[in-house]
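Q: The sequence shown begins at 89 in this note's numbering and counts up one residue at a time. Backbone N, C-alpha and C fix where the C-beta goes; we use that ideal spot for every residue, glycine too. Sending over a structure as structure tokens; questions will come in a sec.
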Amino acid sequence: MIYLDYSATTPVSYDVLESYNKATRDYIGNANSIHSLGVKSKALLNSATKQIAELLNIKESEVIYTSGATESNNMALIGAMLQYKNRGNHLIVSKLEHPSIYAICNYLETLGFQVSYVNNDTDGLIDFEDLKKKIRPETILVSICGVNSETGVRQPLKTIRQIIKKENPNTIFHSDLTQAFGKVSINLFDVDMASMSGHKIFGPKGIGLLYKNSKVSLIPIIHGSTRYNNLRPGTPPLPLIVALSKAMRLALNDLDRKEAFVKRLNDKIVNDISHYKDIKINQTKYSIPHILNISLMSIKPESFVHAMEEHEVYISTNTACSSGDLSTSVMAIYNDKARATTTIRISLSSITTLDEVNKFLTFFHGEYQKFIKLKMK
89 MIYLDYSATT PVSYDVLESY NKATRDYIGN ANSIHSLGVK SKALLNSATK QIAELLNIKE
149 SEVIYTSGAT ESNNMALIGA MLQYKNRGNH LIVSKLEHPS IYAICNYLET LGFQVSYVNN
209 DTDGLIDFED LKKKIRPETI LVSICGVNSE TGVRQPLKTI RQIIKKENPN TIFHSDLTQA
269 FGKVSINLFD VDMASMSGHK IFGPKGIGLL YKNSKVSLIP IIHGSTRYNN LRPGTPPLPL
329 IVALSKAMRL ALNDLDRKEA FVKRLNDKIV NDISHYKDIK INQTKYSIPH ILNISLMSIK
389 PESFVHAMEE HEVYISTNTA CSSGDLSTSV MAIYNDKARA TTTIRISLSS ITTLDEVNKF
449 LTFFHGEYQK FIKLKMK
């Protein structure tokens with residue numbers, strides 16, 4: 089099997105699974121309970137939270153556990169818009185966001201909030217001048233993803249923050265960092281809130297977090313027991329939290345070396361397929377190497393994905409959470425419907441091997457040439 093869909097999800101690493109299993113076996117108490125088993129679990133929970141806070145260089149109180157990035161995005165956007173509705177009714181997002189952001193925006197519009205979509209340039213970067221124009225006195229929040237899930241374009245969050253705060257110091261800046269953390273260096277001082285997910289970094293599914301600066305307040309969108317956390321009530325999923333802490337520590341180990349290795353793999357694929365005149369490479373100089381998006385012009389991408397699957401090679405069309413066959417991100421950058429409806433995404437990781445890439449290319453060439461011959465008949 090050759091798995092090249094790491095941006096959709098990752099396998100759980102052995103060390104992370106071991107930490108999950110140990111916490112499940114040895115810590116049976118509810119961390120909210122006052123008896124000794126609960127106190128023991130609470131101590132492990134606090135230890136894991138402290139480790140995560142140290143990794144992110146934030147306060148422990150600024151870590152909010154969620155089921156994943158989609159919940160984090162909902163908590164951040166809906167919670168902030170409701171909390172600060174006395175300031176205004178406006179939020180701004182880019183045209184390059186994860187589908188969950190757009191679903192949230194659609195919901196907020198039903199509540200009477202106004203949404204503006206900031207433009208981007210042909211490199212996939214946010215149009216700074218357009219952002220300046222769209223920020224109003226009543227703009228509560230701006231949400232711009234750190235790394236696009238389809239094209240891998242990385243946004244200059246520090247510059248974006250400076251623009252936002254200059255135009256309106258009260259505007260909150262949120263970023264979905266799901267595709268950034270563990271792949272490239274991040275600095276949470278650049279944002280007020282950030283969403284992350286465990287299963288993108290070789291951790292388990294069902295756990296993520298929201299970083300919320302202590303100066304930001306949110307209206308809870310989930311209601312229940314607030315013994316542990318008033319924003320995310322209920323029993324803390326201790327084994328998942330411990331596993332997330334372990335996955336985050338491992339993800340940040342030797343980050344620069346791992347990124348350089350993935351870039352070599354990306355370069356090899358691009359160099360090997362770029363001679364095909366009907367293949368468009370949908371990455372810019374600002375794309376991280378872990379995500380390689382290409383368009384197979386005039387070929388149905390779903391058919392090609394399934395053809396590769398016959399060789400036990402696993403790639404995807406666009407983001408796994410999207411619906412429909414048009415890549416909104418590719419459309420936003422290139423304004424080419426044919427290009428945006430024929431995309432496939434090859435996503436790499438630091439555990440991808442050169443041998444896997446070579447085998448992938450062998451199968452890719454074979455299947456692509458078959459499709460071209462069929463098209464010519």
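(1) Once DSSP output is grouped into helix, strand and coil, what is the label at residue 126?
(2) In whole angstroms, what is the alpha-carbon distance linking residue 311 and residue 350?
(3) Considering only residues of the same chain and omitting the five flanking positions on each side of residue 356, which have a CB-CB separation below 7 Å?
(4) Can you list the beta strand (DSSP E) stretches of 3 or more residues lying completely in the stretch 225 to 286, in chain order?
(5) Per DSSP, what kind of secondary structure is residue 439 in: helix, strand or coil?
(6) Can you pull the DSSP bridge partners for residue 360?
(7) How would you write the range of the alpha helix (DSSP H) that residue 394 sits in, first residue to last?
(8) Between the alpha carbons of residue 359 and residue 424, how many angstroms are there, rounded?
(9) Please look up how many angstroms separate the CB atoms of residue 384 and residue 367, rounded, as I've assumed it's under 8 Å.
(10) Any contact between the stretch 263 to 283 and the stretch 239 to 252? By contact I mean 3 or more CB pairs, one from each, below 8 Å.
(11) Within the same chain, show all residues whose beta-carbon is closer than 6 Å to that of residue 411, passing over the 5 residues directly before and after it, in chain order.
(12) When the distance is taken between beta carbons, is residue 295 closer than 8 Å to residue 153?
(13) Which residue from 253, 255 and 240 puts its Cα closest to that of residue 268?
(14) Are at least three pairs of beta-carbons, each pair with one atom in the stretch 317 to 331 and one in the stretch 105 to 121, less than 8 Å apart?
(15) Am I right that residue 381 and residue 436 are in contact with their C-beta atoms under 8 Å? What's the rounded C-beta distance?
(16) Is the Cβ-Cβ distance between residue 392 and residue 421 less than 8 Å?
(17) Specify the secondary structure class of residue 293 as computed by DSSP and reduced to three states.
(18) I need the straight-line Cα distance from residue 79 to residue 293, nearest angstrom please.
(19) Would you mind working out which of 226, 307, 89 and 388 sits nearest residue 176, comparing C-alpha positions?
(20) By alpha-carbon positions, which one of 146, 162, 289 and 96 ends up nearest to residue 262?
(21) Below 7 Å CB to CB, which residues in the same chain sit around residue 136 once its five sequence neighbours on both sides are set aside?
(22) Are residue 415 and residue 217 close, meaning C-beta to C-beta below 8 Å?
(23) Compute the beta-carbon to beta-carbon distance between residue 323 and residue 120, rounded to the nearest angstrom, for a pair I have assumed lies under 8 Å.
(24) Between the stretch 202 to 210 and the stretch 174 to 194, do three or more beta carbon pairs fall short of 8 Å?
(25) To the nearest angstrom, how far is it from the Cα of residue 167 to the Cα of residue 305?
(26) Could you give the C-beta distance for residue 270 and residue 340, rounded to a whole number, given that I count them as a contact under 8 Å?
(27) When DSSP labels each residue in this structure, what does residue 453 get in the three-state scheme?
(28) Going by CA-CA distance only, name the one from 186, 211, 283 and 361 that's closest to residue 448.
(29) With distances taken between CB atoms, is the gap from residue 139 to residue 337 smaller than 8 Å?
(30) Can you tell me the Cβ-Cβ gap for residue 150 and residue 300, rounded? I've got them flagged as a contact below 8 Å.
(31) Anyone know if the C-beta pair for residue 115 and residue 129 falls short of 8 Å?
(32) Taking the DSSP output, what are the residues bridged to residue 421?
(33) Can the beta-carbon of residue 192 be found closer than 8 Å to that of residue 229?
(34) Return yes when the Cβ of residue 156 is within less than 8 Å of the Cβ of residue 313, no when it is not.
(35) Rounding to the nearest angstrom, what Cα-Cα distance links residue 89 and residue 401 in this structure?
(36) Short check: CB of residue 374 to CB of residue 117, under 8 Å?
A: The short version:
(1) helix
(2) 42 Å
(3) 445
(4) DSSP runs (the beta strand (DSSP E)) wholly in the stretch 225 to 286: 227 to 231, 260 to 264 and 281 to 285.
(5) coil
(6) For residue 360, which the question treats as bridged, DSSP gives no partner whatsoever.
(7) 389 to 397
(8) 23 Å
(9) 6 Å
(10) yes
(11) The predicted position of residue 411 is uncertain, since its pLDDT is 47 and thus under 50; a value taken from the coordinates is nonetheless stated next. Closer than 6 Å at the Cβ level, and outside the excluded window around residue 411, lies no residue.
(12) yes
(13) 240
(14) yes
(15) Actually they are not in contact, since the Cβ atoms of residue 381 and residue 436 sit about 12 Å apart, beyond 8 Å.
(16) A distance of 8 Å or more separates the beta carbons of residue 392 and residue 421.
(17) coil
(18) The structure shown does not extend to residue 79, since the chain spans only 89 to 465, so no value can be given for it.
(19) 226
(20) Nearest to residue 262 by C-alpha distance, out of 146, 162, 289 and 96, is 162.
(21) The beta carbon of residue 136 lies closer than 7 Å to those of 329, 330 and 333 in the same chain, with the five residues before and after it left out.
(22) Going by C-beta atoms, residue 415 is not nearer than 8 Å to residue 217.
(23) For a cut-off of 8 Å, the C-beta gap from residue 323 to residue 120 is around 6 Å, short enough to register as a contact.
(24) Short answer: they touch.
(25) 8 Å
(26) 7 Å
(27) helix
(28) 361
(29) Closer than 8 Å, so yes.
(30) 6 Å
(31) In this structure, residue 129 lies closer than 8 Å to residue 115 by Cβ.
(32) In DSSP, residue 421 forms no bridge with anything.
(33) For residue 192 and residue 229, no; Cβs fall outside 8 Å.
(34) no
(35) The straight-line gap from Cα to Cα measures roughly 6 Å.
(36) no
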